[in-house]
Each structure stands twice: as structure tokens, then as C-alpha cells.
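The structure appears right after this line, and notes come after that.
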Amino acid sequence: QDRDLIASSGPAQDVEDRPRQQVGVLAIVGRPNVGKSTLVNRILGRRVAVVEDTPGVTRDRVSYDAEWAGTNFKIVDTGGWEAGVEGIDSAVASQAEIAVGLSDAVVLVVDGQVGMTASDERMVAMLRASGKPIVLAVNKVDGADAEYMAAEFWKLGMGEPYPISAMHGRGIGELLDIAMDTLAKTKHTSGLLTPTHLRRIALVGRPNVGKSSLLNQLAQEERAVVNDLAGTTRDPIDEVVNINDEDWLFIDTAGIKRRMHRVSGADYYSSLRTQAALERSELALVLFDVSQPISDQDLKIMSQAVDAGRAIVLVFNKWDLLDEFGRKRLERLWETEFERVTWAQRVNLSALTGWHTNRLTSAMNTALESWDKRIPTGKLNAFLGKIQAAHPHPLRGGKQPRVLFATQASTRPPRFVIFATGFLEHGYRRYIERCLREEFGFEGSPMQISVNIRE
Ligand code: GDP
Ligand code: GDP
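Residue numbers (the UniProt record's numbering): 250 to 704.
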């Protein structure tokens, strides 16, 4: 009876150069243990396992590309989001809030075997306030004889409860049919699919580095609200900011302005928000406060941005507070701690006074051009032939691995696949990357190089 589920998934940064038309973003929410993760895995298919093997894809990832019956959509996964927070209620609340904010429609999962709980009802109240369309899935209805269990959930007032078994794949096709219909009918309010013609910028950095000051300085009161959550009084999510006659879309400005001191686990959620903003962005402005020592947290956030494969501009803020001693300390750090991002441009500025903020856009444009850049295969191979001749791979066990052929598999960020006769040492890959950067630029963009061994 159940149709085969054909779904595909992949890390967000593996999207093809021209993203396919997406019908919308679906959030899967529900209290812990109702089977959300099982459902997400079922929808994504077994290829989800690949995600874990991809370097740079963190466990905190927020959205996945999926497909159902020829329709592409995104899933916002909230599985595991409750970790790190005390008190189930606050966890469920924050989790739902973030996921729903990012989505166009919501699948609320409840547990048919446990029946209706107070927690389910609270969740419904919150979802209602969001104004997003909701599809109700009653999970753990493992057999046809158990379908009566779903009927109880009519009482939630969310319309028809759809019985499913995420574990056995029952009812998933029907659920997705309904969900796709719902998405097709909604007005897209999700951040994940916001206007594609504008460059999407994430402002990241630990609390107090000056993110909201910089946003205010750049916006100069000329902000436009993009993503007002229908029917709520919440802050806008994203904003268009015009800088020197150019429009940019700043992602999750609500998260930048909102202070999250109230809930326990605030760090966890601010890190999750950072991750979500990075995923939706094309470029990250990574902020540092130069009046303070650079901390592990600063560097971790920077790594998060690089690992997410985003174009990067490093912003050294509060330059007005820097004295001679601080300046020396900073330059020493620059030589050591920032080795990983020597390709990124750095802008020293003061968000407070506006000093040098006019230098940002040229750095941003350069980084995004690099991020989009494609090297024709012929040119790439001619160049690799040349650098290999100049500097062959060292001998390994009497053999010499050779580069046979290479191609740029994708852009945004540039990703190269090298076919070689054997394993290429880390040092040799670094050599190739350095040469590619010297020859072709790529300033401001991370670069991925993978090696495919052909005997
Ligand atoms: P989450 O916390 O909502 O992500 O829930 P999980 O996906 O981790 O599932 C919680 C538990 O419910 C796991 O032990 C699953 O194996 C089980 N489970 C999930 N879906 C089903 C189902 O359709 N039927 C049954 N019987 N168990 C399920
Ligand atoms: P956020 O938490 O990253 O959004 O940081 P805020 O923008 O709220 O800034 C934190 C504090 O640093 C505030 O008191 C700001 O006035 C101050 N601040 C931000 N940028 C600068 C700057 O360039 N110079 C100085 N002196 N103070 C700044």
C-alpha cells in the first residue's frame, strides 16, 4: 500500500551552481521522543549517512535538501536540539521557535502510543501564534489495526491527524503529499528561501563584539523589513540594508539584536542561531573585538564560518579603543591564530564611530566573486600539469602518486576534485591550494580539494 519513498539529501553547501526550484521549507517539530529524527531520516533516505562523513559538516546542521515525487523542498530538522538545556519545556519552546521561524510550514509530530499530552497542547498554542500552516502527524501507528489511535488528536484542533509509522514507513507518502500541497499554497515567509537576487550576509561573532552596533551603523535607519512573521509581534528576521547604493540581505538580524540571557543553555542556542544564519548566508562577516584578547570562542565561530563553506570577511572592530600595546599583541596573534584564513581580507574599523566601515563592501564583493568563480577545466589542467612538473609529489614506498586530471566540481565555495594515481599527502594538497590561489585569486573564499584515487 505504501509507496516507495524516493528522497535525496546532501549537505547544503553541496547545492549545484543553479539551485533547483524549491517549493518551500518544512520544519519537523514535536516534543522529545515522538520520533522526529526517525521521520527525518526516513524522508531523507539512507544517503543521510553521507552527511556525517563530509568534512566541515557539523552535527548542529539545521536544514537538509529533500525531494518528494519530483518536488524539491528543505527540511529543518530539530532532532537533538533539546540537548544542553535544562527543563524540557524551555527546550521545546526555543526549539520550536527557531525551527518555525525558519520554515514555511510545520509538521507537528505527536506520539500515538503515548496519546495526547499537555506538552503537545502547549506546542500547538505556540505554533498557532506563528501563523504558519500545520500538518499533524501521529507517529508510532505501526499497523492498520492501530489507526484508531490517531483519532484522539482531533481534539488538538489542528485538523485531520495523519497516522504514520516513521519506523516502518507507513503513511509517509500521504503525509508528504499533504505537506507538499500545503507548501505550494503558502506564501513563502521562511528565511531559507528569501530573495535570491540579494547577497545574503551573516554577521557573526560572540556577544558584545559589536554586531548590532555595526548593523546600526551600516543601516543608518534605512532598513527594510523582509521577513515579518505573519500575525506575530516578533522582530523581523532578515533585513535589507543599503550600503553605498547596494542592497544586501542581512540574515537573522532579530537574533543579533535579541538578548538571550533569559534561558539556560543560551550559549547553545546562540551557537545554533549562528549555525542557522551561516547556512542561510553566502558570506559571513566575522567580528572580533580588538579591545579584548581574542578568545577560543572567537576562533571557534570563525572556524564555523569557514567549515560552512561561506565567503568570509574578517572584521576587527572597536579599533578606536586600541593602543600601541594592544596593536602589537594583535599583530602577533594575526601571525599565529589566523593562519587558517590567510586568504581572507581583514577590515579594521569602528562600528561606533563609523571609521572605515566604507571599506566593507569592496571586501565583501571580492570575497563573493571568489566564491562564485569557476576555472575552466582545460585551464585548470594545464596549470596543474605545470605545477606538478615544477614540484612532483614526493616518493611514497618507491611509488610516486601522480595527478591525472582535475575538475572544478562546484562553486560557492569552489570545490576541486583531483584524480590521482595514489594518495596525495596533506602537504601536497596544501601546495596545490596555494598555487591555485596564487594563480587564480580566490581571495576571501574557502576552497575544498578532494582526491579521487584511480589505479
Ligand atoms: P525524537 O526525539 O522525536 O527525534 O525521536 P526519535 O526519532 O529519536 O525516536 C524516539 C524513539 O521512538 C526511538 O526509540 C524510535 O525508535 C522510536 N520510534 C520512532 N518512530 C517510531 C514508530 O513509527 N513506531 C515505533 N514503534 N517506534 C518509533
Ligand atoms: P553585539 O552583542 O555583538 O551585538 O554587540 P553590541 O553591538 O551590542 O556592542 C557591545 C558594546 O560594544 C556596546 O556597548 C557598544 O556600544 C560597544 N561597541 C560596539 N562597537 C564599538 C566600537 O567600534 N568602539 C567602541 N568603543 N565600542 C563599541
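Backbone N, C-alpha and C fix where the C-beta goes; we use that ideal spot for every residue, glycine too.
Where residue i sits in the DSSP three-state scheme
i      : result
Ser352 : coil
Trp317 : strand
Val274 : strand
Gln469 : coil
Ile413 : coil
Thr656 : strand
Leu673 : coil
Asn457 : coil
Ser699 : strand
Ala600 : coil
Ile427 : helix
Val283 : coil
Phe691 : coil
Arg645 : strand
Lys323 : strand
Arg578 : helix
Ile421 : helix
Ile292 : helix
Ile505 : helix
Ile383 : strand
Lys622 : coil
Gly634 : helix
Member of the options whose CA lies at the smallest distance from the CA of residue i
i      : options                           : result
Pro279 : Arg595, Ser368 and Lys549         : The displayed chain sequence assigns Gly, not Pro, to residue 279. With distances taken between Cα atoms, Gly279 lies closest to Ser368.
Val289 : Val325, Glu586 and Thr320         : Val325
Arg595 : Phe672, Trp604 and Arg608         : Arg608
Thr435 : Val274, Gln657, Glu692 and Val387 : Val274
Leu521 : Ser540, Leu536, Val539 and Asp501 : Asp501
Thr591 : Val562, Trp604 and Arg578         : Val562
Glu674 : Gln649, Pro663, Ala658 and Pro695 : Gln649
Ser540 : Glu586, Lys549 and Phe574         : Phe574
Ala525 : Asn457, Ile421 and Ala348         : Ala348
Met375 : Gly350, Arg529 and Thr626         : Gly350
Val363 : Ser379, Pro382, Asn388 and Asp572 : Asn388
Asp487 : Pro695, Tyr313, Ala451 and Arg455 : Ala451
Thr660 : Gly647, Arg686 and Pro695         : Pro695
Ser699 : Gln553, Gly627, Val355 and Pro663 : Pro663
Counted within 10 angstroms of its Cβ, other Cβ atoms place residue i as buried (16 or more) or exposed
i      : result
Arg623 : exposed
Lys559 : First, the amino acid is wrong: residue 559 is Arg here, not Lys. Buried, by the Cβ-count rule.
Glu531 : buried
Met416 : exposed
Leu463 : buried
Ala428 : buried
Phe672 : exposed
Ser414 : buried
Glu370 : exposed
Asn566 : buried
Glu471 : Here the model assigns Glu471 a pLDDT of 45, short of 50, so the residue's position is not dependable, and the following value carries that caveat. Exposed, since its Cβ has fewer than 16 Cβ neighbours within 10 Å.
Thr585 : exposed
Pro643 : exposed
Asn360 : Per the sequence presented here, residue 360 reads as Asp, with Asn not at that position. The residue in question, Asp360, is buried, as its Cβ has 16 or more Cβ neighbours within 10 Å.
Ala639 : exposed
Pro542 : exposed
Trp403 : exposed
Glu580 : exposed
Pro304 : Caution applies to Pro304, whose pLDDT of 36 falls short of 50 and renders its modelled position unreliable; the model cannot decide the point.
Gln657 : buried
Pro456 : exposed
Gly284 : buried
Ala400 : exposed
Residues that residue i bridges to, as DSSP identifies them
i      : result
Trp497 : Arg448 and Val490
Tyr680 : Partner(s): none; Tyr680 has no beta bridge.
Asn566 : Asp538
Asn388 : Asp360
Val590 : Answer is none; Val590 lacks a bridge partner.
Ala560 : Leu532
Phe665 : Gln657 and Ile698
Arg595 : Leu563
Ile543 : Bridge partners of Ile543: none, in fact.
Nearest-angstrom Cβ-Cβ length linking residue i and residue j, presumed shorter than 8 Å
i      : j      : result
Leu527 : Val453 : 7 Å
Phe654 : Glu688 : That belief does not hold up - the Cβ atoms of Phe654 and Glu688 are roughly 18 Å apart, past 8 Å.
Gln466 : Thr606 : 6 Å
Ser611 : Glu692 : With a Cβ gap of about 11 Å, Ser611 and Glu692 do not count as contacting.
Ile702 : Ala669 : 6 Å
Arg419 : Asp391 : 7 Å
Leu570 : Asp496 : Contact doesn't hold; Cβ gap of about 31 Å is too wide.
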